[in-house]
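Numbering (the working numbering), first residue to last: 7 to 197. Where a beta carbon is used, it is the ideal one built from N, C-alpha and C, also for glycine. As structure tokens, the structure follows; a few thoughts come after it.
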């Protein structure tokens, strides 16, 4: 598909005098060129793989059939995995929260009103991830309050070093030092 032959050149689009014209041009370019190519991209890739498989030059080659994953038979992986097993050499993108977020935002479901809560959750995921550290933060705050509550003045606080505070933490509270890498030291013994 040659996109440039299918696009009509609009007069005046070659002169963009300000940011709003540039933004309008980018939106137009996106709807005319990028969106048609990206729609059903997975389906188009599968069609292309089938065309390659049906091509007599490539489709008969067993190595290329394995490479393009055109073998439809399911392999029995319960007994053993041999070195020529296609499942051993197959790469699949790991499913992570970032992967799910990207796929969700690319899909039409994200624009519909059906998945508002999921969309909001994925937007605020980085904030929600920090919530698991709240108990440790509260313990650290309690430890600080027990140790220094109303016993320091400003001149003393300027003299206290963070390293000295870490040395004074009781042995049972060393897990407080591992607040997701927020604190500079990872273990009690490294001081």
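As assigned by DSSP and simplified to three states, the class of residue i
| i | result |
| --- | --- |
| residue 24 | coil |
| residue 141 | helix |
| residue 58 | helix |
| residue 47 | helix |
| residue 68 | helix |
| residue 154 | helix |
| residue 3 | Because the chain spans 7 through 197 in this model, residue 3 falls outside it and cannot be assessed. |
| residue 102 | coil |
| residue 133 | helix |
| residue 33 | helix |
| residue 163 | helix |
| residue 42 | helix |
| residue 123 | helix |
| residue 97 | coil |
| residue 63 | coil |
| residue 85 | coil |
Minimum C-alpha distance to residue i - residue among the options
| i | options | result |
| --- | --- | --- |
| residue 148 | 96, 175 and 35 | 175 |
| residue 123 | 107, 144 and 25 | 107 |
| residue 69 | 41, 85 and 91 | 91 |
| residue 134 | 103, 164, 22 and 163 | 103 |
| residue 97 | 47, 141 and 73 | 73 |
| residue 150 | 37, 139 and 163 | 163 |
Minimum Cβ-Cβ distance from residue i to chain C less than 9 angstroms
| i | result |
| --- | --- |
| residue 138 | No chain C is part of this structure, which consists of one protein chain only. |
Nearest-angstrom Cβ-Cβ length linking residue i and residue j, presumed shorter than 8 angstroms
| i | j | result |
| --- | --- | --- |
| residue 59 | residue 71 | 7 angstroms |
| residue 94 | residue 87 | 6 angstroms |
Touching by the beta-carbon criterion (3+ pairs, under 8 angstroms), the stretch 121-129 and the stretch 94-113 = Yes: the two stretches touch, three or more of their Cβ pairs being nearer than 8 angstroms.
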